[in-house]
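Those protein sequence lines, which keep their order, are chains A and B.
If you use our numbering, the first sequence closes out at 196, no skipped numbers anywhere.
If you use our numbering, the second sequence closes out at 265, no skipped numbers anywhere.
To keep things clear, I will list the structure first and then write my remarks on it.
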Amino acid sequence: MNRLEEMLLELKDTSEFMVDLAYSSLIYDNEEIAEEVIFLGDKMEELSLKIQEHVIEIGMSKPEEIARIVVMIRLQASIMSIADAAKSIADIVMRGLGKHPVIAMSIKESETTITVAKVAKDSVLNGRTFADVRLRTQCGMFVIAIKRDREYIFGPHKETKMEEGDILIAKGPEEGVQVFKALVDGTDKELLS
Amino acid sequence: MTDSKDHTKLDHIEMTVRELLTEMKDTSEIIVDLAYAALLYNSEEMAEKVDELEEEMNDLKYAIRFKVLMSSRTKRDAQQLSGLLQVASAADRISDAAAKIVDLLELPLERRPFVSAMLYESDEKIRATRLRPESSMVGYTIGKLGVEACTGCRIIALKNRHGWIYDPDDNVKIRAGDDIIVRGTQDGFKLLEEYAAGSRPWEFPEISEDEEDTTPQEEAASINEDEEEGDT
């Protein structure tokens with residue numbers, strides 16, 4: 004895969020992640036999650052500009068690539084509309100307009116929910132990999148992304164290590180949320196073996 | 034409202050605002066997955082389904098606007114409901130974007146050879162697998178298995194002997210020989226593949242110990258889990 008395709012994929016994956024996060028910010032009427040969506044939206048804008056520059060370069064040096072570039076630009080535009088829609092959902096929360104009870108009820112009705120928790124120093128997860136702790140078996144939750152400092156790791160692997168201060172974003176059944184949070188923040192120190 | 038000709042006809046008006054918004058949110062999620070799946074598998078049929086869902090979304094959008102405007106009485110209502118309408122509008126915009134994505138299928142295949150390969154590399158995987166007769170998923174409904182909760186993979190389409198079902202409901206039963214298209218992480222898909230192949234027995238979702246989180250229906254379901262649907 005070339006650099007351009009990689010960037011476009013990152014754009015796509017981020018846009019989907021933004022939609023997931025945006026809907027969860029509504030469920031919990033949570034400004035922090037909403038801010039993440041806006042933050043990711045800004046990163047998308049930067050990436051989008053980079054893609055455009057790249058595309059112009061290719062177009063000028065290799066005219067035979069134009070057909071391919073048009074497809075990419077069309078895809079990029081759709082991806083950006085999705086990201087914008089996610090941002091507009093986050094904006095509702097930021098404006099304090101996400102409080103109508105019907106909103107949370109409607110969004111919540113789906114099978115899975117998203118939750119966010121920060122790895123504490125004394126958490127049993129600190130310093131261990133996903134393969135070690137088998138989170139899914141513990142609580143049914145899948146970590147879909149890790150926020151470490153200002154960077155995101157999407158779709159962490161089995162060998163990815165969790166560290167103190169990591170913000171884990173996990174998806175799973177509503178019943179798993181409490182167990183998950185307790186493991187991450189260090190309240191629950193027992194792992195099922 | 035004096036004119037009751039066709040153009041003022043509203044579909045879905047019998048649904049509540051909550052039902053409308055739930056439907057719009059769910060559609061906005063599935064439609065994007067389907068759109069990428071259509072590109073990935075070069076499927077005209079899936080693209081048609083995307084267009085159909087997008088039209089449906091338009092109807093839902095007008096219905097929810099109508100209902101919300103009718104129910105607004107005070108300034109406070111108007112303020113809160115404006116947020117609700119914004120959610121509906123965002124869901125609608127997402128579905129418009131999905132329809133634009135499948136428009137790319139109209140280009141001849143040789144003009145977009147890389148798209149499918151590129152999407153295959155995505156972190157959010159869209160993958161297909163087949164249910165082997167020896168799989169312990171066979172005979173159970175999607176809801177009973179809790180496929181998404183157990184594997185993190187959402188079944189976005191299923192093909193059985195009657196044809197394709199897109200965004201299958203919880204009550205759709207998994208049968209031997211069915212093809213499923215799912216969206217999830219690589220690890221989640223690997224797990225699901227093992228379940229589908231029958232090389233790993235299905236682990237039914239654990240029901241929470243917190244009484245308050247469990248509805249009576251869920252409790253009843255968990256008690257009857259093993260007897261009810263056995264070997265069908």
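For each residue, glycine too, the CB sits at the ideal point set by N, CA and C.
Beta-carbon of residue 151 of chain B versus every beta-carbon of chain A: anything under 9 Å?
Taking the first residue of the second sequence as position 1, residue 151 of chain B is located at position 118. Answer yes: the Cβ-Cβ gap between residue 151 of chain B and chain A drops below 9 Å somewhere.
So is residue 179 of chain B in contact with chain A if we call contact Cβ pairs under 9 Å?
As a position in the second sequence, residue 179 of chain B is number 146, starting the count at 1. Closer than 9 Å: yes.
Leaving out the 5 sequence neighbours to the left and right, which residues in its chain are closer than 7 Å to residue 227 of chain B when beta-carbon positions are compared?
Reading the second sequence from its first residue, position 194 is the one you call residue 227 of chain B. For residue 227 of chain B, where only same-chain residues beyond five positions count, the Cβ hits under 7 Å are 233.
What separation, rounded to the nearest whole angstrom, lies between the Cα atoms of residue 157 of chain A and residue 149 of chain A?
Position 154 of the first sequence, counting from 1, holds the residue named residue 157 of chain A. Position 146 of the first sequence, counting from 1, holds the residue named residue 149 of chain A. Rounded to the nearest angstrom, the two C-alpha atoms are 7 Å apart.
If contact is defined by three or more beta carbon pairs under 8 Å, each pair taking one atom from either stretch, is the region 203 to 221 of chain B in contact with the region 181 to 188 of chain B?
Segments in contact, yes.
Taking a cut of 8 Å between CB atoms, which residues from the region 96 to 121 of chain A lie near chain B?
Those residues of the region 96 to 121 of chain A that come within reach of chain B (Cβ to Cβ, closer than 8 Å) are 98, 100, 101, 102, 103, 105, 106, 108, 109, 110, 112, 113, 114, 115.
Ignoring anything shorter than 3 residues, give me the beta strand (DSSP E) runs that lie fully in the region 104 to 153 of chain A, in order along the chain.
Qualifying beta strand (DSSP E) stretches, in chain order: 115 to 121, 145 to 151.
Kindly list, in the order they appear in chain A, the residues whose Cβ is closer than 9 Å to that of residue 147 of chain B.
In the second sequence, residue 147 of chain B corresponds to position 114, counting from 1. Neighbours of residue 147 of chain B on chain A, chain order: 4, 5, 8, 71, 74, 75.
Using the Cα positions of residue 43 of chain A and residue 195 of chain B, report the straight-line distance between them to the nearest angstrom.
Mapped onto the first sequence, residue 43 of chain A falls at position 40. Mapped onto the second sequence, residue 195 of chain B falls at position 162. Cα-Cα distance, rounded: 42 Å.
Could you name the residues of the region 14 to 46 of chain A whose beta carbon sits closer than 9 Å to any beta carbon of chain B, in the order they occur along the chain?
Listed by position, the residues of the region 14 to 46 of chain A near chain B (Cβ gap below 9 Å) are 15, 16, 18, 19, 20, 22, 23, 25, 26, 29.
Are the C-beta of residue 54 of chain B and some C-beta of chain A separated by less than 9 Å?
Locating residue 54 of chain B in the second sequence gives position 21, counting from the first residue. Interface residue, yes.
Which residue or residues does DSSP assign as beta-bridge partners of residue 183 of chain A?
Counting from one through the first sequence, the residue named residue 183 of chain A turns up at place 180. In the DSSP output, where bridge partners are listed per residue, residue 183 of chain A has none listed.
With a cut-off of 9 Å, does the C-beta of residue 185 of chain A fall near any C-beta of chain B?
As a working note, residue 185 of chain A is residue 182 in the first sequence. It does not: the Cβ of residue 185 of chain A has no partner Cβ on chain B nearer than 9 Å.
What's the C-alpha gap between residue 173 of chain B and residue 204 of chain B?
Position 140 of the second sequence, counted from the first residue, corresponds to residue 173 of chain B. Position 171 of the second sequence, counted from the first residue, corresponds to residue 204 of chain B. Near 9 Å, if we compare the C-alpha coordinates of residue 204 of chain B and residue 173 of chain B.
With distances taken between CB atoms, is the gap from residue 163 of chain B to residue 129 of chain B smaller than 9 Å?
For the purposes of this step, residue 163 of chain B is taken as residue 130 along the second sequence, with counting starting at 1. For the purposes of this step, residue 129 of chain B is taken as residue 96 along the second sequence, with counting starting at 1. In this structure, residue 129 of chain B does not lie closer than 9 Å to residue 163 of chain B by Cβ.
On the three-pair Cβ rule with 8 Å, is the region 100 to 109 of chain B touching the region 69 to 80 of chain A?
In short, these stretches do not touch, since the Cβ pair count stays below three.
If we count the other Cβ atoms within 10 Å of its Cβ and call it buried at 16 or more, is residue 243 of chain B buried or exposed?
Position 210 of the second sequence, counted from the start, is the residue given in the question as residue 243 of chain B. Here residue 243 of chain B scores only 43 on pLDDT, less than 50, and its place in the model is too uncertain to base an answer on.
Is there at least one Cβ from chain A nearer than 9 Å to residue 231 of chain B's Cβ?
Working through the second sequence from its first residue, we reach residue 231 of chain B at position 198. It does not; no Cβ of chain A falls within 9 Å.
Report the rounded CA-to-CA distance for residue 141 of chain A versus residue 194 of chain A, giving the unit in angstroms.
Counted from its first residue, the first sequence places residue 141 of chain A at position 138. Counted from its first residue, the first sequence places residue 194 of chain A at position 191. Going by the C-alpha atoms only, they are around 7 Å apart.
Excluding the five sequence neighbours on either side, which residues of its own chain have a C-beta within less than 6 Å of the C-beta of residue 111 of chain A, listed in chain order?
Here residue 111 of chain A is taken as the residue at index 108 of the first sequence, counted from 1. Cβ within range, chain order: 30.
For residue 44 of chain B, count neighbouring Cβ atoms within 10 angstroms of its own Cβ and tell me buried if that reaches 16, exposed if not.
Numbered from 1 along the second sequence, position 11 holds the residue referred to as residue 44 of chain B. Looking at its Cβ environment, which holds fewer than 16 other Cβ atoms inside 10 Å, residue 44 of chain B is exposed.
Enumerate, from N- to C-terminal direction, the unbroken alpha helix (DSSP H) stretches of 4 or more residues contained entirely within the region 15 to 87 of chain A.
Qualifying alpha helix (DSSP H) stretches, in chain order: 34 to 64.
Applying a beta-carbon distance threshold of less than 7 Å, which residues of chain A neighbour residue 144 of chain B?
What you label residue 144 of chain B is simply residue 111 of the second sequence in a count that begins at 1. The answer, in chain order, is 70, 74.
With distances taken between CB atoms, is the gap from residue 122 of chain B to residue 91 of chain A smaller than 9 Å?
The residue you call residue 122 of chain B lines up with position 89 of the second sequence. The residue you call residue 91 of chain A lines up with position 88 of the first sequence. Yes, the pair counts as a contact, with Cβ atoms nearer than the cut-off.
Could you tell me which residues DSSP puts in a beta bridge with residue 215 of chain B?
Numbered from its first residue, the second sequence carries residue 215 of chain B at position 182. DSSP, once it has assigned bridges, lists B:160, B:188 as partnering residue 215 of chain B.
Pick out whichever of B:138, B:71, B:132 has its Cα sitting closest to the Cα of residue 160 of chain B.
As a working note, residue 160 of chain B is residue 127 in the second sequence. Out of B:138, B:71, B:132, B:71 has the C-alpha closest to the C-alpha of residue 160 of chain B.
So residue 18 of chain A and residue 85 of chain A are supposed to be a Cβ contact under 8 Å. How far apart are they, rounded?
In the first sequence, residue 18 of chain A corresponds to position 15, counting from 1. In the first sequence, residue 85 of chain A corresponds to position 82, counting from 1. So it is a contact: roughly 5 Å between Cβ atoms.
Specify the secondary structure class of residue 69 of chain B as computed by DSSP and reduced to three states.
Numbered from its first residue, the second sequence carries residue 69 of chain B at position 36. Of the three classes helix, strand and coil, the one that applies to residue 69 of chain B here is helix, per DSSP.
In this structure, does DSSP put residue 101 of chain A in helix, strand or coil?
Residue 101 of chain A sits at position 98 when you count from the first residue of the first sequence. DSSP places residue 101 of chain A in coil when its eight states are reduced to three.
Ignore the nearest five residues each way along the sequence and tell me which others in residue 126 of chain A's own chain have a CB closer than 6 Å to its CB.
Numbered from its first residue, the first sequence carries residue 126 of chain A at position 123. 187, 189, listed in sequence order.
Residue 115 of chain B touches chain A at which residues, Cβ-Cβ below 8 Å?
Numbered from its first residue, the second sequence carries residue 115 of chain B at position 82. Within 8 Å Cβ-Cβ: 100.
I'd like to check one pair, residue 93 of chain A with residue 25 of chain A: are the Cβ atoms closer than 9 Å?
Position 22 of the first sequence holds residue 25 of chain A. Position 90 of the first sequence holds residue 93 of chain A. Yes, they are a contact pair.
Just verifying my parser: in three-state terms, what is the DSSP assignment at residue 164 of chain A?
In the first sequence, counting from the first residue as 1, residue 164 of chain A sits at position 161. In the structure shown, residue 164 of chain A sits in a strand (DSSP, three-state: E or B).
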